[in-house]
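Enquirer: One structure coming up, written as structure tokens, with questions to follow.
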Amino acid sequence: DAGVTQSPTHLIKTRGQHVTLRCSPISGHKSVSWYQQVLGQGPQFIFQYYEKEERGRGNFPDRFSARQFPNYSSELNVNALLLGDSALYLCASSSPGTEYGYTFGSGTRLTVV
Amino acid sequence: LAKTTQPISMDSYEGQEVNITCSHNNIATNDYITWYQQFPSQGPRFIIQGYKTKVTNEVASLFIPADRKSSTLSLPRVSLSDTAVYYCLVVLGQTGANNLFFGTGTRLTVIP
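Chains as they are written, first to last, in the numbering used here: chain A, 1 to 113; chain B, 1 to 112.
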């Protein structure tokens, strides 16, 4: 089975631009969460979606938005990029009742210049 | 969710047993203790989860005393490939409702 897949793996953007990151969860997983990890720190929660509905939102500005599609894949959008948005963006999927926690993808490395 | 406290870094020689202790004084009745491992430029990987007493799998053991205010991740006979950051998390319910709160983790360095 394929794990959580994220695209692209690396991305370079200019300040003020917009970016869209994509995530495909493990087959059968209906919950997708997004995390931002700045170098040297632990991942910080951004959003969680379950069955296409937002179930949780972290302490991030409105420039960050996300959505989940009927096939449970998800997009994270960030508008008006700032240098401080440079980070590894991680997607995780899970399924209710699983005993194995969340499964993370390898992330998208976003660099804002 | 209860805040966790763990050492910032640890060093160990290859072949030794490594124990990483995590404090979670404000853990609630419905909370579980979960550990993740993260290698550079990869997402965290679930290692083990427990509620009380001892849990063991093919990778690690998790010891949780009766008061549940701390827990210890035990890695038997570490190898160089165990060099990574280890995160202790307290999660609501067995599957962790909503967000996971990661601290800065413990950076384990295994020395040849």
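A virtual CB, placed ideally from N, CA and C, is assigned to each residue, including glycine.
Take the Cβ of N77 (chain A) as the centre, count every other Cβ of all protein chains shown within 10 Å, and call the residue buried at 16 or more, exposed below.
Expert: Here residue 77 (chain A) is taken as the residue at index 77 of the first sequence, counted from 1. Flag for N77 (chain A) reads exposed.
Enquirer: Output, in sequence order along the chain, the residues in the region 27-53 of chain B whose CB is closer than 8 angstroms to any CB in chain A.
Expert: T34, Y36, S41, Q42, G43, P44, R45, F46, Q49
Enquirer: Are the beta-carbon atoms belonging to S31 (chain A) and S93 (chain A) less than 8 angstroms from one another?
Expert: For the purposes of this step, residue 31 (chain A) is identified with residue 31 of the first sequence, where counting begins at 1. For the purposes of this step, residue 93 (chain A) is identified with residue 93 of the first sequence, where counting begins at 1. In contact: S31 (chain A) and S93 (chain A) (Cβ atoms closer than 8 angstroms).
Enquirer: Beta-carbon within less than 6 angstroms of E17 (chain B)'s beta-carbon, same chain only, minus the 5 sequence neighbours each way: which residues are those?
Expert: By 1-based counting over the second sequence, the position of residue 17 (chain B) is 17. The residues are P76.
Enquirer: Quick check: what's the CA-CA separation for E75 (chain A) versus R67 (chain A)?
Expert: Numbered from 1 along the first sequence, position 75 holds the residue referred to as residue 75 (chain A). Numbered from 1 along the first sequence, position 67 holds the residue referred to as residue 67 (chain A). Cα-Cα distance, rounded: 6 angstroms.
Enquirer: Do you know offhand how far Y86 (chain B)'s Cα is from D67 (chain B)'s?
Expert: Mapped onto the second sequence, residue 86 (chain B) falls at position 86. Mapped onto the second sequence, residue 67 (chain B) falls at position 67. When rounded, the distance between both Cα atoms is 23 angstroms.
Enquirer: Below 8 angstroms between beta carbons: does that hold for T108 (chain A) and T9 (chain A)?
Expert: Counting from one through the first sequence, the residue named residue 108 (chain A) turns up at place 108. Counting from one through the first sequence, the residue named residue 9 (chain A) turns up at place 9. In this structure, T9 (chain A) lies closer than 8 angstroms to T108 (chain A) by Cβ.
Enquirer: Secondary structure at S33 (chain A), three-state DSSP: helix, strand or coil?
Expert: Along the first sequence, read from residue 1 onward, the residue named residue 33 (chain A) stands at position 33. Three-state result, S33 (chain A): strand.
Enquirer: Mapping DSSP to helix, strand and coil, what is L82 (chain A)?
Expert: Against the first sequence, residue 82 (chain A) aligns to sequence position 82. In the structure shown, L82 (chain A) sits in coil (DSSP, three-state: anything other than H, G, I, E or B).
Enquirer: Could you have a look at D31 (chain B) and say whether DSSP puts it in helix, strand or coil?
Expert: Position 31 of the second sequence, counted from the start, is the residue given in the question as residue 31 (chain B). When secondary structure is reduced to three states using DSSP, D31 (chain B) falls in the strand class.
Enquirer: Given a cut-off of 8 angstroms on the beta-carbon distance, is the pair Q6 (chain B) and T21 (chain B) in contact?
Expert: Residue 6 (chain B) sits at position 6 when you count from the first residue of the second sequence. Residue 21 (chain B) sits at position 21 when you count from the first residue of the second sequence. The answer is yes: Cβ separation under 8 angstroms.
Enquirer: Does the Cβ of A28 (chain B) have 16 or more other Cβ atoms within 10 Å, making it buried, or fewer, making it exposed?
Expert: Taking the second sequence and counting its residues from 1, the one referred to as residue 28 (chain B) is at position 28. A28 (chain B) comes out exposed.
Enquirer: Quick one: using the 10 Å Cβ neighbour count with 16 as the cut-off for buried, is F101 (chain B) buried or exposed?
Expert: Walking along the second sequence from the start, residue 101 (chain B) turns up at place 101. Answer is buried; the Cβ neighbour count reaches 16.
Enquirer: With 16 as the cutoff for other CB atoms within 10 Å, does A2 (chain A) come out buried or exposed?
Expert: Translated into positions along the first sequence, residue 2 (chain A) becomes position 2. The residue is exposed, with fewer than 16 neighbouring Cβ atoms inside 10 Å.
Enquirer: Closer than 8 angstroms, CB to CB, is Y49 (chain A) near chain B or not?
Expert: On the first sequence, residue 49 (chain A) is found 49 positions in, with the first residue counted as 1. It does not: the Cβ of Y49 (chain A) has no partner Cβ on chain B nearer than 8 angstroms.
Enquirer: Is the shortest distance between the beta-carbon of S106 (chain A) and the beta-carbons of chain B less than 8 angstroms?
Expert: In the first sequence, counting from the first residue as 1, residue 106 (chain A) sits at position 106. For S106 (chain A), a Cβ of chain B is located within less than 8 angstroms of the residue's own Cβ.
Enquirer: What is the rounded straight-line gap between the Cα of G96 (chain B) and the Cα of G101 (chain A)?
Expert: What you label residue 96 (chain B) is simply residue 96 of the second sequence in a count that begins at 1. What you label residue 101 (chain A) is simply residue 101 of the first sequence in a count that begins at 1. With a pLDDT of only 49 at G96 (chain B), under the threshold of 50, the placement of this residue in the model should not be trusted, and no figure is reported.
Enquirer: Near T20 (chain A), what residues of its chain come up, given a Cβ to Cβ distance below 6 angstroms and the 5 sequence neighbours on each side ignored?
Expert: Mapped onto the first sequence, residue 20 (chain A) falls at position 20. E75, N77, listed in sequence order.
Enquirer: Check the Cβ-Cβ distances between Q41 (chain A) and every residue of chain B, and say whether any is below 8 angstroms.
Expert: For the purposes of this step, residue 41 (chain A) is taken as the residue at position 41 of the first sequence. Cβ-Cβ to chain B under 8 angstroms: yes for Q41 (chain A).
Enquirer: Find the nearest neighbour of T5 (chain A) within the set A:S86, A:V113, A:G105, A:V112, judged by alpha-carbon distance.
Expert: Here residue 5 (chain A) corresponds to residue number 5 of the first sequence, with the count starting at 1. Out of A:S86, A:V113, A:G105, A:V112, A:G105 has the C-alpha closest to the C-alpha of T5 (chain A).
Enquirer: On the DSSP letters alone, give me the boundaries of the beta strand (DSSP E) that S94 (chain A) sits inside.
Expert: The count along the first sequence starts at 1 and reaches residue 94 (chain A) at position 94. That run of the beta strand (DSSP E) goes 87-94.
Enquirer: Given a threshold of 16 other Cβ atoms within 10 Å of its Cβ, counted over all protein chains shown, does Y13 (chain B) qualify as buried or as exposed?
Expert: Mapped onto the second sequence, residue 13 (chain B) falls at position 13. Label assigned to Y13 (chain B): exposed.
Enquirer: Between the C-alpha atoms of H18 (chain A) and V112 (chain A), what's the straight-line distance to the nearest angstrom?
Expert: Residue numbering aside, residue 18 (chain A) sits at position 18 when the first sequence is read from its first letter. Residue numbering aside, residue 112 (chain A) sits at position 112 when the first sequence is read from its first letter. C-alpha separation (whole angstroms): 10 angstroms.
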